[in-house]
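Residue numbers (the working numbering): 6 to 271.
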């Protein structure tokens, strides 16, 4: 069994020129390999309802546990923990599985997914995609439902985490018919571009999957991103669903109430 963490190191200059480093990320970077540290797991919102979303209940309260940290001596230039490759699943560690695997939180494998995860927000979404790949192959469920992934970062060469794995998924058809992956690099050109721009530019595809029952999952920074993404989906509903802005806002809010619009932000 293995736990993988995607960590962005906090290191920046304050307006008065002082170097500010993150307390937790600096500690994490410097702990020796094979250290034993105490952790706890908190229930998140990323479990997709398998059937009726109104009957979904959160997992039990978390229990503290421990694990042996297997960090590399140095973080790579993407500020990520390096992980071993697996020929079949990319970076995915398949060592924990069993033949009786069930959906375990990714819902119906035919269910369309719309995933929005800029920066390290992609990490939880990565686990959902990996779970769908594993579930589909083990249970031989045939062609899975489409996945529409919107990822964004500042620079393609410096900040695009898991790019090779995303491209491997694209080549293997993991995103399925009607799905795809779109990258927004905010600082690689004069005009800044974000995941919200891609959502709106591909509104016809987004709306089609919503009409097919897609679950929307938004993951990442809690500052401005969730509100901006909400507005983009509101705009898509207004334009492609022929709604007024207030009605489109209520439409997206109703998706959230029905368990079809999930936000995991920090």
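Quick reminder that beta carbons are idealized off the backbone N, C-alpha and C, glycines included.
Return yes when the Cβ of residue j is within less than 8 Å of the Cβ of residue i, no when it is not.
i: residue 33; j: residue 15; result: no
i: residue 199; j: residue 156; result: no
i: residue 161; j: residue 193; result: yes
i: residue 139; j: residue 222; result: no
i: residue 118; j: residue 166; result: no
i: residue 122; j: residue 130; result: yes
i: residue 214; j: residue 133; result: no
i: residue 243; j: residue 253; result: yes
Note the first and the last residue of the continuous alpha helix (DSSP H) segment covering residue i.
i: residue 215; result: 208–216
i: residue 198; result: No alpha helix (DSSP H) holds residue 198; DSSP gives it neither H nor E.
i: residue 254; result: 250–262
i: residue 173; result: 168–177
i: residue 127; result: 127–144
i: residue 114; result: No alpha helix (DSSP H) holds residue 114; DSSP gives it neither H nor E.
i: residue 148; result: Run containing residue 148: none; DSSP gives neither H nor E here.
Whole angstroms is fine: what's the gap from residue i's alpha carbon to residue j's?
i: residue 257; j: residue 267; result: 11 Å
i: residue 27; j: residue 269; result: 22 Å
i: residue 248; j: residue 206; result: 18 Å
i: residue 178; j: residue 137; result: 13 Å
i: residue 271; j: residue 225; result: 6 Å
i: residue 241; j: residue 37; result: 48 Å
i: residue 185; j: residue 154; result: 6 Å
i: residue 211; j: residue 204; result: 7 Å
i: residue 20; j: residue 183; result: 46 Å
i: residue 219; j: residue 265; result: 7 Å
i: residue 246; j: residue 47; result: 37 Å
i: residue 78; j: residue 10; result: Low per-residue confidence applies at residue 78: pLDDT is 33, beneath 50, and the placement is therefore not dependable, though the value from the model is reported in the following sentence. C-alpha separation (whole angstroms): 15 Å.
i: residue 163; j: residue 171; result: 16 Å
i: residue 176; j: residue 168; result: 12 Å
i: residue 44; j: residue 217; result: 39 Å
i: residue 135; j: residue 128; result: 11 Å
i: residue 230; j: residue 113; result: 28 Å
i: residue 124; j: residue 195; result: 20 Å
Can you tell me where the beta strand (DSSP E) holding residue i begins and where it ends?
i: residue 158; result: 152–158
i: residue 229; result: Note, residue 229: premise wrong, no beta strand (DSSP E); not H, not E.
i: residue 219; result: From DSSP, residue 219 is part of no beta strand (DSSP E); its letter is neither H nor E.
i: residue 47; result: Per DSSP, residue 47 belongs to no beta strand (DSSP E) and is neither H nor E.
i: residue 267; result: 266–270
i: residue 180; result: It is not in any beta strand (DSSP E) - residue 180 carries neither H nor E in the DSSP assignment.
Rounded C-beta distance between residue i and residue j? I'm assuming under 8 Å.
i: residue 149; j: residue 126; result: At roughly 22 Å, the Cβ-Cβ gap does not stay under 8 Å, so residue 149 and residue 126 are not in contact.
i: residue 6; j: residue 17; result: About 35 Å; that fails the 8 Å criterion.
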